[in-house]
Amino acid sequence: MHRISAMVQSSRIEDVCKALSVLDVADLTVTEAHGFGRQRGHTTLYPSDGQPFDLLPKAKIEVVVARERLNEVVGFITKAANTGKFGAGKIFVSEILKMVNII
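With the working numbering as the guide, the letters of the sequence shown map in order to residues 55 to 157.
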């Protein structure tokens, strides 16, 4: 099994979730996030240290899929999140060694 963590623009989250539902990916987690890369963008001042940071709103989508479905799911996320510009997002894939359901 593999975990796919995709950081995408907040405006693309609905498209990505729809693409995953087409693949019957039932279990996913979406987290609001902020970050920056080459695109830079918004300036937010954190009062704790007074240092400005250029942050953009993002969404982190996490799903766990079987190895056989990995490339298909990554492809669907890539297509749904694509904006044609830098800053559209990144996808990270890691192997899951063990999963435990909490009941």
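Heads up, the beta-carbon is just placed ideally off N, CA and C, and yes, glycines get one too.
Starting from the Cα of Gly-91, find the closest Cα among His-56, Glu-68, Gln-63 and give me that residue. Selected option, being the one with the closest Cα: Gln-63.
Counterpart residues of Ala-66 in DSSP-defined beta bridges: Reading off the sequence, residue 66 comes out as Arg, not Ala. DSSP lists no partner for Arg-66.
Using CA atoms only, rank isn't needed, just tell me which of Ile-150, Phe-146, Asn-155 is closest to Leu-115. It is worth fixing the name first, because residue 115 is Ile in this sequence and not Leu. Among Ile-150, Phe-146, Asn-155, the Cα nearest to that of Ile-115 belongs to Phe-146.
Between Glu-149 and Arg-66, what straight-line distance do the alpha-carbon atoms span, to the nearest angstrom? When rounded, the distance between both Cα atoms is 25 Å.
Determine the burial state of Ile-58: buried for a count of at least 16 other Cβ atoms within 10 Å of its Cβ, exposed for fewer. Residue environment analysis places Ile-58 among the buried positions, since at least 16 neighbouring C-beta atoms fall within 10 angstroms of its C-beta.
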